[in-house]
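These notes concern the structure reproduced below.
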Amino acid sequence: MKFLFEILKQISVSGDESSVSASILQYIDQRKDHWNVIPIIYSGENFHDCILLKFGEPRTAVFAHMDTVGFMTRYNNQLISIGGPEIIEGSVLVGSDSLGEITCKLHGDENEIYHDFPRGIDPGTSLSFHQNVRLDEDFIQAAYLDNRLGVYSAMNLCETITDGWVVFSTYEEHGGGSMPFLLKFIQNTSPVRQALISDITWITEGVQFHKGVVISIRDKYIPRKKFIDRIIKLAKESGIPFQLEVEEFGGSDGREVQFSPYAIDWCFIGAAEENVHTPDERVSLADLEAMLNIYPFLLERL
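Last residue of the sequence shown: number 339 in the numbering used here, and the count goes up by one each step with no gaps.
Here it is in structure tokens:
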């Protein structure tokens, strides 16, 4: 889990993903010669901070977003949310601006939030929850498990995949924005008809810890039932623990797949967490293991 712990340290709020993108590229460079297939790597300024890995002859693309929720400084110690972070009085925030490193506390409520740093912070500075990773026999708890665990799962898939796209996207927490050009590039380069979203969902009355990876039948958006049924059938054949999710709200990069001009089926598959968008997100290690196991199984058979 060394790679996971490394990326959990990275600040990467929506629009400021360059550091975690660089860490992922460094890890790819270190590991790619040990993978079953060495991918073609697409990154750099033409892709902003996104990364696309093309393995063999893709039939399916796996998407994992690199960004997190956070805050942006405004004026007079004011803060503005990036994505949908929980506003928790006294939460420790970290970042840096032109004058140096920043550690401060969040104050206020949904109507107005501000920081207590003793000097003014450059307007437009991104701040993140202070990281505190906790690991025991049953759980991992930290900030930004959404979506560091999705990135970790996608990177784990790279060890064995022979055919497919593995794509690390940006902006997902704050309305999306990178998926349209990523999908266009994929469809122009080596098109696919299927997509899996490697992301983290919620613990609810119907989704519980230690019950397996979550296959989402729907959130705010509804993927095609024919494809979902195929995923569920394969999951049953795998013997890997899984549970089904049906929600009215929420979304992911799957939304932009569905709204794209391309006929690509999609399904959200990931572990569930509690304390969503807080410094204390918590995920079952058993559910994470099921997530790590199901992606290679599905990619071989889809």
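Ideal placement from N, C-alpha and C gives every residue a C-beta, glycine not left out.
Across the structure, A323 and E147 are spaced so that their CA atoms are roughly 35 Å apart. Rounded to the nearest whole angstrom, the C-alpha separation of K257 and H211 is 16 Å. Nearest in C-alpha terms to H71, of all of S206, R156, T197 and M38, is T197. Here A300 is near R230, since their CB atoms are less than 8 Å apart. Two segments are said to touch when three or more pairs of C-beta atoms, one from each, lie closer than 8 Å; by this definition the region 42-57 touches the region 184-193. Boundaries cannot be given for Q47, as no beta strand (DSSP E) includes it and DSSP labels it neither H nor E. When only Cα atoms are considered, A309 and L339 end up about 23 Å apart. For G107, the closest C-alpha among the options I252, N184 and K91 is that of N184. Looking at the DSSP output, D134 bridges to G137.
Pairing I139 with S235 gives a Cβ-Cβ distance that is not under 8 Å.
Non-local C-beta neighbours of P316 in its own chain, meaning closer than 7 Å and more than five positions away in sequence, comprise S128, F166, H167, N169 and A180, ordered along the chain.
In the DSSP assignment, the residues bridged to T97 are Q231.
R68 is classed as exposed because its beta carbon has fewer than 16 other beta carbons within 10 Å across all chains shown.
In this structure, the straight-line span from the alpha carbon of E94 to that of S206 is close to 21 Å. Leaving aside the five residues that flank A327 on each side, the residues in its chain whose CB is nearer than 7 Å to its CB run, in chain order, G249, V250, I277, P278 and F279. Judged by their CB atoms, L219 and L164 are not nearer to each other than the 8 Å cut-off. Here N73 has E196, T197, I198 and T199 as same chain residues with Cβ atoms under 8 Å from its own Cβ, once five neighbours each way along the sequence are excluded. According to DSSP, H144 shares a beta bridge with Y151.
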